[in-house]
């Protein structure tokens with residue numbers, strides 16, 4: 297309950313999204329279904345190694361406005377993933393903690409917990 301939202305790698309492929317959703321469920325357990333999830337690559341594209349920094353900056357700016365950024369170009373999230381995907385518009389929040397996660401095709405992965413100001 298301490299984490300206010302999860303900023304997913306959100307590659308947008310069935311396989312990658314299913315794997316990331318499974319990892320979210322493994323880490324967050326029963327809280328996963330109610331954890332707001334966003335993915336910002338719809339706004340920024342896949343910036344490779346810079347993606348994490350861009351996404352962290354975007355989330356921090358949004359949290360400064362009391363909002364979780366939404367996932368652009370996602371109108372009908374895959375319900376089988378069992379996640380609360382933020383779509384359509386930013387979502388209000390007062391929780392300043394979030395996770396930002398990214399991974400590569402080569403198998404490297406990173407996740408960081410950040411507290412906004």
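In the numbering used here, the protein residues as written are 297 to 413.
Beta carbons are placed, not taken as given, at the ideal position from N, Cα and C, and that holds for glycine.
Note that the structure is a prediction, hence the values are computed from the model and not measured.
Around the Cβ of residue 376, are there at least 16 other Cβ atoms within 10 angstroms (buried) or fewer (exposed)?
Reading the chain shown from its first residue, position 80 is the one you call residue 376. That one is exposed.
In whole angstroms, what separates the C-alpha of residue 327 from that of residue 334?
Counting from 1 along the chain shown, the entry for residue 327 is found at position 31. Counting from 1 along the chain shown, the entry for residue 334 is found at position 38. Their Cα atoms are separated by approximately 15 Å.
Take residue 412 and list the residues in its own chain whose beta-carbon comes closer than 7 Å to its own, dropping the five residues that flank it on each side.
Within the chain shown, the letter at position 116 stands for residue 412. Contacts found: 356, 359, 360 and 392.
Report the three-state DSSP secondary structure of residue 407 (helix, strand or coil).
As a first step, residue 407 is located in the chain shown; it is residue number 111 there, counting from the start. Residue 407 falls in the strand class under three-state DSSP.
Curious, which full-length alpha helix (DSSP H) runs of at least 4 residues does the region 332-360 contain?
Listed in chain order, they are 337-340 and 347-360.
Given a cut-off of 7 Å, decide if residue 378 and residue 329 are closer than it, judged by their beta-carbon atoms.
Looking up residue 329 in the chain shown gives position 33. Looking up residue 378 in the chain shown gives position 82. Going by C-beta atoms, residue 329 is nearer than 7 Å to residue 378.
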